[in-house]
Amino acid sequence: MNQEMEPGNIPADRQIVSVRAFDATPRRIFKAWTDPTQLAKWWGPKGFTNTFNEFDVKPGGKWNFIMHGPDGANYNNESVFIKITELEIVLDHISNPKFQLVASFEDLGSKTKLTFRQIFNSAKECEIIKVYAVDSNEQNFDRLEALLKQNT
Numbered sequence: 028m029n030q031e032m033e034p035g036n037i038p039a040d041r042q043i044v045s046v047r048a049f050d051a052t053p054r055r056i057f058k059a060w061t062d063p064t065q066l067a068k069w070w071g072p073k074g075f076t077n078t079f080n081e082f083d084v085k086p087g088g089k090w091n092f093i094m095h096g097p098d099g100a101n102y103n104n105e106s107v108f109i110k111i112t113e114l115e116i117v118l119d120h121i122s123n124p125k126f127q128l129v130a131s132f133e134d135l136g137s138k139t140k141l142t143f144r145q146i147f148n149s150a151k152e153c154e155i156i157k158v159y160a161v162d163s164n165e166q167n168f169d170r171l172e173a174l175l176k177q178n179t
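Under the numbering used here, think of the first position of the sequence shown as 28, with each following residue one higher.
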């Protein structure tokens with residue numbers, strides 16, 4: 028994908044969108060996304076762990092890691108950061124399945140709304156991934172919420 032897409036121009040059938048409000052500031056959630064020690068603790072569905080091989084949080088920087096499933100399976104992942112600001116992180120997930128991830132942090136006063144948008148090249152790809160990604164994203168949010176409660 029290699030460039031930031033405008034979500035309003037992407038058909039709904041090519042996106043998976045997960046949203047949740049957290050009891051934390053946008054800055055705190057941004058830190059949980061950009062500090063590899065914190066990110067490794069919450070990234071992925073319930074029961075998964077991570078080994079980060081490369082984590083260079085800057086435009087053009089790579090994020091290369093292995094997700095270890097609770098069943099013992101390993102899932103290699105590689106992404107490239109496109110945009111990093113305190114209110115938005117955009118990356119291209121370049122290993123399969125390929126998609127662009129846009130994570131935005133909206134200040135709601137005492138809470139922050141996190142919008143997690145996965146954008147696929149085709150509706151067919153999106154439909155295949157949606158079968159497991161919707162629930163997995165919610166589990167990801169549960170793990171992030173638990174981390175934020177520990178570190179407040």
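Quick reminder that beta carbons are idealized off the backbone N, C-alpha and C, glycines included.
Under the DSSP assignment, W90 falls in the beta strand (DSSP E) whose first and last residues are K89 to H95.
The three-state secondary structure of S149, taken from DSSP, is coil. Take the alpha-carbon of F82 and the one of A48: they are about 26 Å apart. As the crow flies, the alpha-carbon of K125 is around 8 Å from that of N148.
By DSSP's assignment, E81 forms a beta bridge with N91.
In this structure, the beta-carbon distance from W60 to R170 does not fall below 9 Å. When DSSP states are grouped into helix, strand and coil, N36 belongs to the helix group.
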